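Going letter by letter, the sequence shown gives residues 206 to 516 in this note's numbering. Glycine is no exception: its CB is placed at the ideal position from the N, C-alpha and C atoms. Every value quoted in this text rests on a predicted model; they were computed, and no experiment measured them. A quick write-up on the structure given underneath.
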Amino acid sequence: MKILAGNSNLPLARAIASYLELPLTDASVRRFADEEVFVEIHENVRGEDVFVVQSTSYPVNDNLMELLICIDALRRASAKRITAVVPYFGYARQDRKSGPRTPISAKLVANLITQAGADRVLAVDLHAAQIQGFFDIPTDNLFAAPVMAADIQARYGTDQLMVVSPDVGGVVRARALARRLDNAPLAIVDKRRDKPGQSEVMNIIGDVKDRRCILIDDIIDSGGTLCNAAQALMDAGATSVTAYLTHGVLSGGAVARVEASALKELVITDTILPTEAAQDCGKIRLLSIAPLIGEAIRRIADETSVSSLFD
Ligand code: R5P
């Protein structure tokens, strides 16, 4: 087995390799003067089971191109099996036609990864589980929930806890986390705009009064969804609001928005390399899922069950 890292998240790739007690494959993934990506693998990979670790996070197109070119280099070097380990799968939110004459970019990206020569895909908390079906090669979708649940139990316990989904679309994810927290009760924030131009009304389904709320979502991008939900929960009488998010996209002024928000703490996993601003923000804490990804890689290589990681 070999682990090859793109440049999108080297600390995560190193942590995965260290979990597996393997060195990273000796390779250069660099740019020519005109910014074209060039990959050169400096050791023999013929007949090897190779895992390429690359999140397609910002700058998404560069990181995607690196992933495709790494896969191409491995295929041409006769690797036996190539698994694209994409902890954060960019373009995932473009998973359906959002209007007439719009693309389904998540499907296009799935086609590109497959056509480049990947034999398998390993992702974490895909925005929609159906994206697995965009690939016609085996695709494992890992869940960060067990890692989050262990952290919540250790830091906060389960007394007076309430798990909250910040929108209706995230209820399945929130319910799965609540089940791991002694079946904690569930609430849902329902965003409504009754008429165009009117401000958003946040209806809360469930009684959050005197509850310590845990908001859970897959992505924090601008932070709008999460910060508004946190404020609505505090206004409804919650004693505190902490958020657990798998993918800290944190674009634009998201970090400042989190800093100024009603959130007590924002916990993100390391699927995306945090920016300096995110690292310096006192309210943001990083939770590593390298052991989870490392264990899944070990099981794929050994051809044992991955799903039993989530029993
Ligand atoms: C949406 O369906 C996702 O699960 C997130 O809630 C959304 O992408 C967060 O975006 P933002 O942080 O920009 O509100």
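Through-space distance from residue j to residue i, alpha-carbon basis
i, j, result
"residue 355", "residue 254", "31 Å"
"residue 494", "residue 454", "16 Å"
"residue 391", "residue 515", "20 Å"
"residue 237", "residue 496", "34 Å"
"residue 271", "residue 365", "46 Å"
"residue 239", "residue 480", "25 Å"
"residue 503", "residue 332", "24 Å"
"residue 261", "residue 295", "5 Å"
"residue 439", "residue 215", "38 Å"
"residue 430", "residue 207", "39 Å"
"residue 315", "residue 265", "14 Å"
"residue 510", "residue 344", "13 Å"
"residue 491", "residue 475", "6 Å"
"residue 217", "residue 378", "24 Å"
"residue 389", "residue 410", "15 Å"
"residue 416", "residue 441", "10 Å"
"residue 449", "residue 339", "27 Å"
"residue 412", "residue 489", "27 Å"
"residue 243", "residue 226", "27 Å"
"residue 500", "residue 288", "14 Å"
"residue 397", "residue 405", "6 Å"
"residue 301", "residue 269", "20 Å"
Beta-carbon proximity check, residue i vs residue j, cutoff 8 Å
i, j, result
"residue 498", "residue 290", "yes"
"residue 304", "residue 257", "no"
"residue 445", "residue 469", "yes"
"residue 327", "residue 477", "no"
"residue 460", "residue 482", "yes"
"residue 284", "residue 297", "no"
"residue 299", "residue 292", "no"
"residue 425", "residue 393", "no"
"residue 452", "residue 485", "no"
"residue 407", "residue 437", "yes"
"residue 273", "residue 209", "no"
"residue 275", "residue 234", "yes"
"residue 466", "residue 427", "no"
"residue 363", "residue 387", "yes"
Three-state class that DSSP yields for residue i in the structure shown
i, result
"residue 270", "helix"
"residue 294", "coil"
"residue 488", "coil"
"residue 306", "coil"
"residue 321", "helix"
"residue 370", "strand"
"residue 345", "strand"
"residue 241", "coil"
"residue 510", "coil"
"residue 464", "helix"
"residue 287", "strand"
"residue 445", "strand"
"residue 223", "helix"
"residue 250", "coil"
"residue 363", "coil"
"residue 453", "strand"
"residue 236", "strand"
"residue 430", "helix"
"residue 312", "helix"
"residue 380", "helix"
"residue 422", "strand"
"residue 336", "helix"
Contact test: residue i Cβ vs the ligand SAH heavy atom, cutoff 7 Å
i, result
"residue 467", "Among the ligands modelled here, namely the ligand R5P, the ligand SAH does not occur."
query = Do three or more CB pairs link the region 366-377 to the region 338-351 at distances below 8 Å?
reply = As far as the Cβ criterion goes, the region 366-377 does not touch the region 338-351, which means the pair count is below three.
ask   = Taking three-plus beta-carbon pairs below 8 Å as touching, is the region 245-253 in contact with the region 225-234?
value = yes
key: Cβ contact check for the region 270-281 and the region 314-323: 3 or more pairs under 8 Å   = Judged by Cβ distances under 8 Å, the region 270-281 makes contact with the region 314-323, as three or more pairs qualify.
Residues passing the C-beta test against the ligand R5P heavy atoms, cut-off 7 Å = 298, 332, 371, 372, 374, 375, 422, 423, 424, 425, 426, 427, 428, 429, 430, 431, 459
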